[in-house]
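**Student:** The end of the sequence shown is residue 1381 by this note's numbering, with every number in the run present.
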Amino acid sequence: MNVRPELGDLARAEFEARLNLALRRAEEAEARSADVREGALLAVPAGQWGEFALWNLVTGSPDTARDALRRSVSWSVRWLESVAAAGLLLLASQRRHALEVAIMAGDLEAERRILRLHPSYGDLTVSGKGYVDALQAFLTGDEAGAAHAAELLESVPDEKVIGRKFYPRLGPTVRAILARNPAALRSELDAICAQHVVFSTRGFLRRAPGPVFPATCLLIVARQRGMDVDVDVRYHAVRLKLPVTVIEEWQGEPVRGLTVEGTFDIVPRALLPDVRS
1105 MNVRPELGDL
1115 ARAEFEARLN
1125 LALRRAEEAE
1135 ARSADVREGA
1145 LLAVPAGQWG
1155 EFALWNLVTG
1165 SPDTARDALR
1175 RSVSWSVRWL
1185 ESVAAAGLLL
1195 LASQRRHALE
1205 VAIMAGDLEA
1215 ERRILRLHPS
1225 YGDLTVSGKG
1235 YVDALQAFLT
1245 GDEAGAAHAA
1255 ELLESVPDEK
1265 VIGRKFYPRL
1275 GPTVRAILAR
1285 NPAALRSELD
1295 AICAQHVVFS
1305 TRGFLRRAPG
1315 PVFPATCLLI
1325 VARQRGMDVD
1335 VDVRYHAVRL
1345 KLPVTVIEEW
1355 QGEPVRGLTV
1365 EGTFDIVPRA
1375 LLPDVRS
């Protein structure tokens, strides 16, 4: 396993332990759901494989992470399609998350299947809806739809968006992609990442080492459209402190609940596609 040395011995051991725990839970959940055709049980492997993907990104195994993301979204699609087929309540937020994972996994077939689903409950905020509309428009080549999504996103002030625990500057980000303006796009993506750091250090995502989904997905879309752009290097190496939750003892001393520090790529370079010409 290629674990970055700067994580420190205890942090490295803790993150490896979390990775192994996530794998065990994913495999167990998959085994329990193997013969299930419908129902919420299908969603459990999706979440567990997503967790396993995260810790593979943290510990430096991008190929395994991509495979885990594909397995995660495969289970998500099965679950969402079973919900839709049964005429049950399909949440827009559930569809959004599945679409984000499909984009990060580079799974075009999963993207198409998710886009064919129509949520029966609009549980997203105006900003959340605008963001999903923008992703859908970009994935289907609908420039007018993307512009309309930008208008929707810009209709909500940034401070109100942040107050609702979502990301600001998404409207201008969509505009920058439409205008094919790399400098503007980087500036807007950096603003999204800066807010994510705030959320992760002292906000509602405190101590959450995961990627910032909107910045990652929109950057992937932009690179697929030929834009040679990336976020500032500091967002590929964000320092976060996390509690020790898996390892009980280290070098003969109890460590459960102690804090370790790690470096996290919140817009994972490993998932970014090469720029299309």
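C-beta atoms are modelled at their ideal positions from N, C-alpha and C, and glycine is treated no differently.
Please name the residue in V1302, E1353 and S1197 whose C-alpha comes closest to that of Y1235.
**Tutor:** S1197
**Student:** Give me the residue from V1350, V1205 and R1174 with the minimum Cα distance to I1324.
**Tutor:** V1205
**Student:** By how many angstroms is the C-alpha of P1372 removed from the C-alpha of T1320?
**Tutor:** The C-alpha of T1320 lies about 7 Å from the C-alpha of P1372.
**Student:** Are L1344 and F1368 close, meaning C-beta to C-beta below 7 Å?
**Tutor:** One thing to note: L1344 has its Cβ within 7 Å of the Cβ of F1368.
**Student:** Buried or exposed: which applies to R1128, given that a residue is buried once 16 or more other Cβ atoms fall within 10 Å of its Cβ?
**Tutor:** exposed
**Student:** Of all the options I1207, E1134 and Q1152, which has the alpha carbon lying nearest to the alpha carbon of L1125?
**Tutor:** Q1152
**Student:** Please identify the residue among D1167, M1208, A1214 and D1227 whose C-alpha is closest to the C-alpha of L1194.
**Tutor:** Comparing Cα positions, the closest option is D1227.
**Student:** Evaluate contact between the stretch 1301–1312 and the stretch 1328–1337, counting only Cβ atoms and requiring at least three cross-stretch pairs below 8 Å.
**Tutor:** With the cut-off at 8 Å, the stretch 1301–1312 and the stretch 1328–1337 do not touch.
**Student:** Where do the N-terminal and C-terminal ends of the beta strand (DSSP E) with L1184 fall, by residue?
**Tutor:** Here L1184 belongs to no beta strand (DSSP E); instead the alpha helix (DSSP H) covers P1166 to A1189.
**Student:** Between the Cα of S1259 and those of S1231, L1184 and R1216, spot the shortest distance and give me the residue it belongs to.
**Tutor:** S1231
**Student:** For my contact list, L1254 and R1279 are in at a C-beta cut-off of 8 Å; report their separation, rounded to the angstrom.
**Tutor:** According to the sequence displayed, residue 1254 carries Ala and not Leu. Indeed, because the Cβ distance is near 5 Å, the residues count as touching under 8 Å.
**Student:** Grouping DSSP H, G and I as helix and E and B as strand, with all else coil, what is K1233?
**Tutor:** helix
**Student:** Taking L1219 as the reference, which of G1245, V1316 and R1199 has the closest Cα?
**Tutor:** Looking from the CA of L1219, the closest CA among G1245, V1316 and R1199 belongs to R1199.
**Student:** Alpha helix (DSSP H) containing R1199: first to last residue?
**Tutor:** A1196 to A1209
**Student:** Could you tell me whether the Cβ atoms of P1377 and M1331 are closer together than 7 Å?
**Tutor:** no
**Student:** By Cβ distance, which residues of its chain are closer than 6 Å to A1238, with the 5 residues on each side in sequence left out?
**Tutor:** A1250, A1253 and V1278
**Student:** Suppose contacts are defined by Cβ-Cβ distances below 7 Å. Is R1268 in contact with A1295 by that definition?
**Tutor:** Cβ distance not < 7 Å, so R1268 and A1295 don't count as in contact.
**Student:** Give the single residue among K1233, S1186 and D1211 whose Cα lies nearest to the Cα of A1172.
**Tutor:** D1211
**Student:** Look up T1367 in the DSSP assignment and say whether it is helix, strand or coil.
**Tutor:** strand
**Student:** Cα-Cα, which of G1143, A1150, A1121 and R1141 is closest to A1133?
**Tutor:** A1150
**Student:** Might you give, ordered along the chain, the residues of its own chain that have their beta carbon closer than 7 Å to the beta carbon of H1340, omitting 5 neighbours on each side?
**Tutor:** D1369, V1371 and R1373
**Student:** Using the DSSP secondary-structure output, state which residues sit across from L1344 in a beta bridge.
**Tutor:** G1366
**Student:** How would you label L1192, buried or exposed, when you count the other beta carbons within 10 angstroms and need 16 or more for buried?
**Tutor:** Classification for L1192: exposed.
**Student:** Going along the chain, which residues of its own chain have a beta-carbon closer than 7 Å to the beta-carbon of R1175, five neighbours each way excluded?
**Tutor:** So the qualifying residues of the chain are W1153.
**Student:** Is it buried or exposed, S1180, if we count other Cβ atoms within 10 angstroms and call 16 or more buried?
**Tutor:** Its Cβ being crowded by 16 or more others within 10 Å, S1180 is buried.
**Student:** Please work out which residues of its chain come closer than 6 Å, Cβ to Cβ, to A1214, disregarding the five sequence neighbours upstream and downstream, and give them in chain order.
**Tutor:** V1177, V1181 and A1206
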